[in-house]
Every structure is written in C-alpha cells, then in structure tokens.
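Engineer:
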Amino acid sequence: MNLPNETISWNDFSKIEMRVGTVISAEIFKEAKNPAYKLQVDFGTYGIKKTSAQITKLYQLDELIGKQVIAVINFPPKQIANIMSECLILGAMGKENDIVLIQPEKTIENGLRIG
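Position one of the sequence shown corresponds to residue -9 (our numbering), numbered consecutively onward.
(1) Using three-state DSSP, classify residue 81 as helix, strand or coil.
(2) Provide the residue(s) that pair with residue 70 in DSSP beta bridges, ordered along the chain.
(3) Under 8 Å, with one C-beta from each stretch per pair, do the segment 45 to 54 and the segment 64 to 73 reach the 3-pair mark?
(4) Taking only runs of the alpha helix (DSSP H) that begin and end inside the segment -9 to 48, which ones reach a length of at least 4 residues, in chain order?
(5) Determine the contact status of residue 114 and residue 34, defining contact as a CB-CB distance below 9 Å.
In structure tokens form, the structure reads like this:
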C-alpha cells in the first residue's frame, strides 16, 4: 500500500506540538459555513485556546465539557468566520465525514506532549 502523501523526517515530526487539553466551553458556531462548535480548550501551562470543530454529527455540547482531546497547538492562528482558531483538535474521519475525537485513554495532565 502506498502512503497517501510524501514521507516526513523525524525532525519534521518533532516540530509538531500535539498536546493534551480539556474542553472547558462549547457552543454552537452559528457563523460557520458547515455545522460546527466553538470550543475553548485548556492546555495547562500552554494556556486556553479557541478553536472550531466540525464534530456535530457525533457529539452533543454537554458531553464535550470536561472531555480531554489531543490538538496541534503550534499552527499559526487561522480566521474561521468570526473567530481566530488557535489550535487544531485531532480526530479520525469516517466514511461520511463524521469525526471521532482522539483522546487519552485515562485522564492526564493538560499540556502533556504527544509523541
């Protein structure tokens, strides 16, 4: 099986800051083009970061609060409708573009690095 994209070096991978965070607020993102939520995620010593996530198919707002997630926190901020997204929450995309969040198996300290 061929890789879907070009391969990267270990040095490339080591530049990606994937960290554990806990969702502390979630609301419907009415201004987004596609159904999405606005989230605030606490990354411990890395601060609280805002983002948008198109996870409305599989997740309700009330179940997101307190959920730990994995996110890339060193992308440059990106304007999404009326917010600046400060991180990218990671998930696996299913056949119908339904996204399942990637999360730690056990509750761990916010800000821990994935690698």
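Virtual Cβ for every residue (Gly too), placed ideally from N, Cα, C.
Structural biologist: In short, the structure shows the following:
(1) Residue 81: strand per DSSP, three-state reduction.
(2) 73
(3) Contact between the segment 45 to 54 and the segment 64 to 73 is absent, because fewer than three Cβ pairs lie under 8 Å.
(4) 0 to 4
(5) There is simply no residue 114 to check, as the chain begins at -9 and stops at 105 in what is shown.
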